[in-house]
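Quick note on numbering: the UniProt record's numbering labels position 33 of the sequence shown as 33, and the sequence is numbered without any gaps. All C-beta atoms, glycine included, are put in the ideal place defined by N, C-alpha and C. One structure is given below, encoded as structure tokens.
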Amino acid sequence: MGDARGASGTHAPKRSHERSGPVPRSPSLRVTAIASLTPLEELDEDPFLVDSRSQHAMCARWAAEHGYVVTRELLVRGLRPDHRSLWTDVEAGLVDLFVAPSRRVLERALASVEEFTAECARRGVRVETVGTAEPSYDAQMKARVHRRLSMPTAGYDGR
Numbered sequence: 001m002g003d004a005r006g007a008s009g010t011h012a013p014k015r016s017h018e019r020s021g022p023v024p025r026s027p028s029l030r031v032t033a034i035a036s037l038t039p040l041e042e043l044d045e046d047p048f049l050v051d052s053r054s055q056h057a058m059c060a061r062w063a064a065e066h067g068y069v070v071t072r073e074l075l076v077r078g079l080r081p082d083h084r085s086l087w088t089d090v091e092a093g094l095v096d097l098f099v100a101p102s103r104r105v106l107e108r109a110l111a112s113v114e115e116f117t118a119e120c121a122r123r124g125v126r127v128e129t130v131g132t133a134e135p136s137y138d139a140q141m142k143a144r145v146h147r148r149l150s151m152p153t154a155g156y157d158g159r
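Below is the structure:
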């Protein structure tokens with residue numbers, strides 16, 4: 001902001017409790033975003049579960065709104081609650097909480113939400129759901145999701 005100055009305009013010595021520069025923020029909580037891996041064949045009946053990009057984006061917005069940072073994205077279906085991919089970053093101290101767009105996504109992504117939340121509680125890791133409404137998909141949005149998921153090797157990324 002500026003130098004500390006004495007009454008005469010000369011530089012005053014810094015006291016030990018004064019800091020120069022911005023006050024450091026506490027570190028952000030680190031988040032693993034969980035999305036469900038749902039086959040493209042289910043696009044017409046349940047487009048949000050198929051659209052993992054929108055699921056991860058919803059989690060990223062939630063994390064940013066809370067001042068958290070997404071450090072890992074998981075895309076899984078029916079994953080056992082004891083699977084290593086869930087816990088490696090937790091054990092390494094790299095993840096503080098899990099977030100998913102909704103309970104419905106967790107139910108598709110994990111073999112047992114109850115066992116997973118119990119294991120999270122045992123390990124001291126929070127589990128959150130975004131809790132906002134899922135987007136409505138019109139024909140054009142479904143077509144974009146279909147193109148993105150059916151042509152990944154052609155270099156198309158859906159943008």
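- Between the alpha carbons of Leu97 and Ser28 lies a gap of roughly 11 Å.
- Counted as a single uninterrupted DSSP element, the alpha helix (DSSP H) harbouring Ala143 occupies residues Ala139 to Ser150.
- Per DSSP, Arg80 lies in no beta strand (DSSP E) segment and is marked neither H nor E.
- Residue burial annotation: Arg108 is buried, with at least 16 other C-beta atoms found within 10 angstroms of its C-beta.
- Closest in C-alpha terms to Leu79, from the list Ala118, Glu65, Thr129 and Leu37, comes Leu37.
- If you check the CB distance, Val95 and Glu128 do not come in under 8 Å.
- Ala143 sits exposed, since fewer than 16 C-beta atoms from the chains shown fall within 10 Å of its C-beta.
- Inter-residue distance for Val105 and Leu49 is about 7 Å (C-alpha atoms, whole angstroms).
- Under the DSSP assignment, Val113 falls in the alpha helix (DSSP H) whose first and last residues are Val113 to Arg123.
- The C-alpha of Gly67 is placed about 20 Å away from the C-alpha of Leu74.
- Residue pairing of Val127 in beta bridges, as defined by DSSP: Phe98.
- By the CB criterion at 8 Å, Val130 and Trp62 fall inside the cutoff.
- The three-state reading of DSSP puts Thr88 in helix, counting H, G and I together.
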